[in-house]
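See below for the structure under consideration.
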Amino acid sequence: MSGLGRRVKRVNDADTSGRSVATRGEGRRIAVLTHSGRPAAVEAAIRFLDGASRHGLECLVPAADLELLRSRCPEARLTGFEESDDEAADCELAVVFGGDGTILRGAEWAVPAGVPLLGVNLGHVGFLAEAESSEIDSVVEQVAARTWRLEERTVIEVVVTEPGAGAPCWTSFAVNEVSLEKAAREKMLEAMVEIDERPLSRWSCDGVLVATPTGSTAYAFSAGGPVMWPEVEALLLVPLSAHALFARPLVLGPSSSIRIRLLGESKAGGVVWCDGRRSSDVQAGSLVEVHRSPHRLRLARLTEAPFTDRLVGKFGLRVEGWREDPEARAVRG
1 MSGLGRRVKR
11 VNDADTSGRS
21 VATRGEGRRI
31 AVLTHSGRPA
41 AVEAAIRFLD
51 GASRHGLECL
61 VPAADLELLR
71 SRCPEARLTG
81 FEESDDEAAD
91 CELAVVFGGD
101 GTILRGAEWA
111 VPAGVPLLGV
121 NLGHVGFLAE
131 AESSEIDSVV
141 EQVAARTWRL
151 EERTVIEVVV
161 TEPGAGAPCW
171 TSFAVNEVSL
181 EKAAREKMLE
191 AMVEIDERPL
201 SRWSCDGVLV
211 ATPTGSTAYA
221 FSAGGPVMWP
231 EVEALLLVPL
241 SAHALFARPL
251 VLGPSSSIRI
261 RLLGESKAGG
271 VVWCDGRRSS
281 DVQAGSLVEV
291 HRSPHRLRLA
301 RLTEAPFTDR
311 LVGKFGLRVE
321 GWREDPEARA
331 VRG
């Protein structure tokens with residue numbers, strides 16, 4: 001794993017039903033993360049903080065946001081924290097206000113800490129979010145009553161080793177995808193891809209990405225990859241604009257190890273990205289290795305809605321038409 005959250009201990013767990021259980025701490029503590037640059041996200045967070053205070057919940061907020069939120073919500077029990085603080089891991093839950101980008105930022109701390117995330121969408125698609133801003137009152141009540149359900153998702157790790165080096169030069173993790181992309185617009189990457197230490201193919205391409213089932217609806221989907229249901233145990237390999245006959249997305253086993261070697265012809269080098277947020281330059285001859293992480297993304301779910309309904313709702317898919325049975329439509333409501 002990367003250094004993100006490395007000093008944070010995991011102190012939460014779930015019972016066999018998947019319902020939330022706090023295993024440490026005399027009082028209940030909830031982390032609240034928001035996109036402080038978006039007024040709508042701040043207003044939504046304040047509404048949640050106000051409701052949480054009525055239930056006696058202590059809320060931890062990033063130290064950089066403490067003054068702003070305290071001035072707007074003086075009655076709330078607020079404590080500032082840094083993402084490297086051990087005490088922040090005592091949170092039973094982290095509620096995030098924003099779009100998928102804000103939720104991914106929260107995951108940088110929450111994944112190593114083992115803290116579940118509950119996303120409230122204020123963006124456009126918000127695939128990782130569980131609720132909309134209009135549902136904040138309900139979110140407060142369900143968090144206070146601990147009626148949320150725990151769902152775990154695959155996380156992947158990346159290790160970059162430079163030519164001739166005896167140790168990795170960069171490591172990190174991703175919730176959605178790891179992508180190796182060309183560093184110069186006018187140059188292509190020359191990449192040799194191996195699966196489980198066996199050569200698969202050499203590609204002249206714009207890049208190669210490895211995605212989780214969670215990330216199959218993000219960058220990988222835009223690049224032509226299939227949508228995978230979250231409970232599928234698999235990894236997705238997608239070449240980006242490859243000049244090759246064999247250049248289709250591949251669904252791999254969950255324990256597969258993917259090695260991408262940036263060949264010497266890639267003189268301009270490349271860039272490794274994790275979730276489009278963290279990056280490292282990669283020189284020609286370097287080895288980029290991606291595999292499943294022992295850590296998991298933990299999401300708090302408030303409903304039992306199936307993934308199919310989420311897919312239809314988020315993408316606005318047409319499921320009604322003149323061919324549909326009117327009785328089926330009436331039953332669905």
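Numbered per the UniProt record's numbering, the sequence shown spans residues 1 to 333.
Idealized CB from N, CA, C, for every residue including glycine.
Remember, predicted model here, so these are calculated numbers, not experimental data.
Bridge partner(s) assigned by DSSP for residue i
i: Arg-259; result: Glu-194, Glu-289
i: Gly-270; result: Lys-182, Val-282
i: Trp-203; result: Ala-191
i: Phe-173; result: Glu-157
i: Val-95; result: Val-32, Leu-118
i: Pro-62; result: Phe-81
i: Val-251; result: Leu-236
Distance between residue j and residue i (C-alpha atoms, nearest Å)
i: residue 335; j: Val-120; result: Past the boundaries of the shown model lies residue 335; the chain is included only from 1 to 333, so the question cannot be answered.
i: Cys-91; j: Leu-49; result: 15 Å
i: Lys-318; j: Ala-76; result: According to the sequence displayed, residue 318 carries Arg and not Lys. The straight-line gap from Cα to Cα measures roughly 43 Å.
i: residue 336; j: Glu-162; result: Any property of residue 336 remains undetermined from this structure, which presents the chain solely from 1 to 333.
i: Ser-222; j: Thr-308; result: 19 Å
i: Cys-169; j: Val-159; result: 8 Å
i: Glu-58; j: Ser-293; result: 31 Å
i: Ala-107; j: Leu-297; result: 7 Å
i: Gly-126; j: Ser-138; result: 18 Å
i: Val-32; j: Ser-201; result: 45 Å
i: Trp-109; j: Leu-69; result: 20 Å
i: Glu-130; j: Pro-226; result: 22 Å
i: Arg-72; j: Phe-246; result: 57 Å
i: Ala-40; j: Glu-132; result: 12 Å
i: Leu-302; j: Val-95; result: 12 Å
i: Pro-116; j: Val-143; result: 12 Å
i: Ile-46; j: Ala-63; result: 16 Å
i: Asp-85; j: Glu-43; result: 26 Å
i: Met-228; j: Ala-305; result: 17 Å
i: Ala-145; j: Ser-134; result: 19 Å
i: Gly-123; j: Gly-164; result: 44 Å
i: Glu-289; j: Ser-256; result: 11 Å
i: Ile-156; j: Pro-230; result: 14 Å
i: Ile-30; j: Phe-81; result: 12 Å
i: Leu-252; j: Ala-218; result: 18 Å
i: Arg-310; j: His-291; result: 27 Å
i: Ala-22; j: Gly-224; result: For Ala-22, the pLDDT reaches just 39, beneath the cut-off of 50, and the residue's location in the model is therefore unreliable, although a value from the coordinates is still provided. Cα to Cα, the separation comes out at about 41 Å.
Cβ shell of residue i (< 6 Å), same chain only, five flanking positions each side left out
i: Asp-206; result: Lys-182, Leu-240, Ser-241
i: Arg-261; result: Met-192, Leu-287
i: Leu-128; result: Asp-100, Ile-103, Gly-119
i: Gly-215; result: Asn-176, Glu-177
i: Gly-51; result: Val-140
i: Leu-250; result: Leu-237
i: Glu-233; result: Pro-254
i: Lys-314; result: Val-125, Phe-127
i: Leu-273; result: Here the sequence assigns Trp to residue 273, which means Leu is not the residue at that position. Counting only Cβ-Cβ distances below 6 Å, and skipping sequence neighbours, we find Ser-179, Ser-279.
i: Asp-65; result: Ser-36
Residue i - DSSP class collapsed to helix/strand/coil
i: Arg-28; result: coil
i: Ala-223; result: coil
i: Leu-69; result: helix
i: Asn-12; result: Because Asn-12 carries a pLDDT of 35, less than 50, the predicted location of this residue cannot be relied on, and the following value inherits that uncertainty. Reduced to three states, the DSSP call for Asn-12 is strand.
i: Glu-108; result: helix
i: Ser-36; result: coil
i: Val-21; result: Interpretation of Val-21 is limited by its pLDDT of 43, a score under 50 that renders its predicted location unreliable; the figure taken from the coordinates is listed afterwards. Correct three-state label for Val-21: strand.
i: Ala-242; result: coil
i: Thr-79; result: strand
i: Glu-141; result: helix
i: Glu-320; result: coil
i: Glu-132; result: strand
i: Arg-277; result: coil
i: Ala-211; result: strand
i: Arg-296; result: strand
i: Glu-162; result: coil
i: Ala-113; result: helix
i: Val-312; result: helix
i: Ala-44; result: helix
i: Phe-127; result: coil
Residues of its chain near residue i, where Cβ-Cβ distance is below 8 Å and the 5 sequence neighbours each way are ignored
i: Ser-266; result: Lys-182, Lys-187, Met-188, Leu-189, Glu-190, Ala-191, Ala-284
i: residue 353; result: Summary: the structure shown does not reach residue 353, with the chain confined to residues 1 through 333, and so no result is reported for it.
i: Glu-197; result: Ser-257, Arg-259
i: Arg-38; result: Gly-98, Leu-122
Residues of its chain near residue i, where Cβ-Cβ distance is below 7 Å and the 5 sequence neighbours each way are ignored
i: Ala-220; result: Glu-177, Leu-209, Ala-211, Leu-236, Val-238
i: Ser-53; result: Glu-75, Ala-76, Arg-77
i: Ser-172; result: Ser-2, Val-158, Cys-274, Arg-278
i: Ala-184; result: Ala-268
Integer-rounded CB distance, given that residue j should sit under 8 Å from residue i
i: His-35; j: Phe-97; result: 7 Å
i: Arg-259; j: Glu-194; result: 4 Å
i: Leu-60; j: Thr-79; result: 5 Å
i: Leu-299; j: Glu-151; result: 5 Å
i: Asp-275; j: Ala-174; result: 5 Å
i: Val-282; j: Gly-270; result: 5 Å
i: residue 370; j: Pro-213; result: Limits of the chain in this structure are 1 at one end and 333 at the other, which puts residue 370 out of reach.
Neighbour flag for residue i against chain D, beta carbons, 8 Å
i: Arg-70; result: Among the chains of the structure shown, chain D does not appear; only one protein chain is present.
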